[in-house]
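Following the numbering used here, the numbering of the sequence shown begins with 92 at its first residue and continues without gaps. Ideal Cβ placement from N, Cα and C applies to all residues, glycine included. This report concerns only the one structure given below.
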Amino acid sequence: MQVLDDIGLKSRPPRRFDVLFNIALCSVVLGVVLGALMSWFNAWLDPGYFQQTMGWSLEEVQPASLIQGGLGGLAYGFAFAGFFVIICGWATQFNCTFSFAFRQLLKISLFVILGWAAGGLAISTFPQQGDTAFSSMASTLSGLPGGSGHSPWPSGSIPGQKAGFLLGAVLCPFIVWRAWRRRNEGMKE
Numbered sequence: 092m093q094v095l096d097d098i099g100l101k102s103r104p105p106r107r108f109d110v111l112f113n114i115a116l117c118s119v120v121l122g123v124v125l126g127a128l129m130s131w132f133n134a135w136l137d138p139g140y141f142q143q144t145m146g147w148s149l150e151e152v153q154p155a156s157l158i159q160g161g162l163g164g165l166a167y168g169f170a171f172a173g174f175f176v177i178i179c180g181w182a183t184q185f186n187c188t189f190s191f192a193f194r195q196l197l198k199i200s201l202f203v204i205l206g207w208a209a210g211g212l213a214i215s216t217f218p219q220q221g222d223t224a225f226s227s228m229a230s231t232l233s234g235l236p237g238g239s240g241h242s243p244w245p246s247g248s249i250p251g252q253k254a255g256f257l258l259g260a261v262l263c264p265f266i267v268w269r270a271w272r273r274r275n276e277g278m279k280e
């Protein structure tokens with residue numbers, strides 16, 4: 092009996108599928124929260140943008156933007172949750188801790204936040220009047236004619252958010268694998 096106990100101690104640690112399930116739930120919740128907050132901020136900054144593009148009345152803009160952003164975030168959260176769980180499982184051989192996976196999820200979420208902010212700031216800093224290529228792009232992205240009197244932030248932040256999501260998803264395998272490798276190298280020393 093002692094021999095069997097010793098064999099059990101020298102085997103690999105148990106796989107942590109519960110951690111991956113919980114991190115998938117966190118990914119979905121984080122997607123909903125980020126989507127709702129970013130959409131709410133865009134609607135707070137420029138309710139007229141949503142009145143024109145979505146056809147909402149002024150009273151509907153704030154609550155509808157929360158719902159619309161939350162549902163969009165839910166879709167992105169579900170899509171990313173499956174991808175992230177596969178990447179975390181692969182990179183860590185299903186042995187990651189919740190805190191490790193959550194830290195990686197937060198790192199990747201920063202790409203979404205930074206993309207949203209960079210897109211909004213970039214399009215807001217360029218003039219919206221005239222025949223510039225950037226002004227034409229802003230009009231195309233927003234669906235509003237140039238110089239419509241609306242803040243350009245939403246027409247830049249929305250594609251910026253999507254670009255940040257895609258960049259985070261592309262870099263996700265490298266981020267998780269590298270962090271896991273560093274963690275394991277630190278444990279060996």
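Which same chain residues, not among the five before or five after residue i, have their C-beta less than 7 angstroms away from its C-beta?
i	result
Gln-159	Ser-130
Gly-211	Trp-244, Gly-247, Ser-248 and Gly-251
Ala-172	Ala-115, Ser-118 and Val-119
What's the C-alpha gap between residue i and residue j?
i	j	result
Trp-268	His-241	43 angstroms
Val-124	Phe-108	24 angstroms
Thr-216	Glu-276	44 angstroms
Ser-246	Ile-214	8 angstroms
Glu-150	Ala-134	11 angstroms
Arg-274	Leu-258	24 angstroms
Gln-153	Gly-161	12 angstroms
Phe-169	Leu-196	13 angstroms
Phe-141	Ala-155	9 angstroms
Gly-206	Arg-272	27 angstroms
For a test of the three-state rule: what should DSSP assign to residue i, helix, strand or coil?
i	result
Phe-256	helix
Pro-250	helix
Ser-200	helix
Pro-264	helix
Phe-217	coil
Pro-245	helix
Suppose the cutoff is 6 angstroms on Cβ atoms and the five residues either side in sequence are ignored; what does the same chain contact list for residue i look like?
i	result
Pro-264	Ile-178
Phe-175	Ser-118
Ile-114	Ala-192
Gly-139	His-241
Leaving out five residues before and five after residue i in sequence, what residues of the same chain have Cβ atoms less than 8 angstroms from its Cβ?
i	result
Val-110	Cys-187, Thr-188, Phe-189 and Ala-192
4-residue-minimum alpha helix (DSSP H) runs that sit fully inside the stretch 107–191, ordered along the chain: Along the stretch 107–191, the alpha helix (DSSP H) occurs as fully enclosed runs of 4 or more residues at 108–136, 138–145 and 149–183, listed in sequence order.
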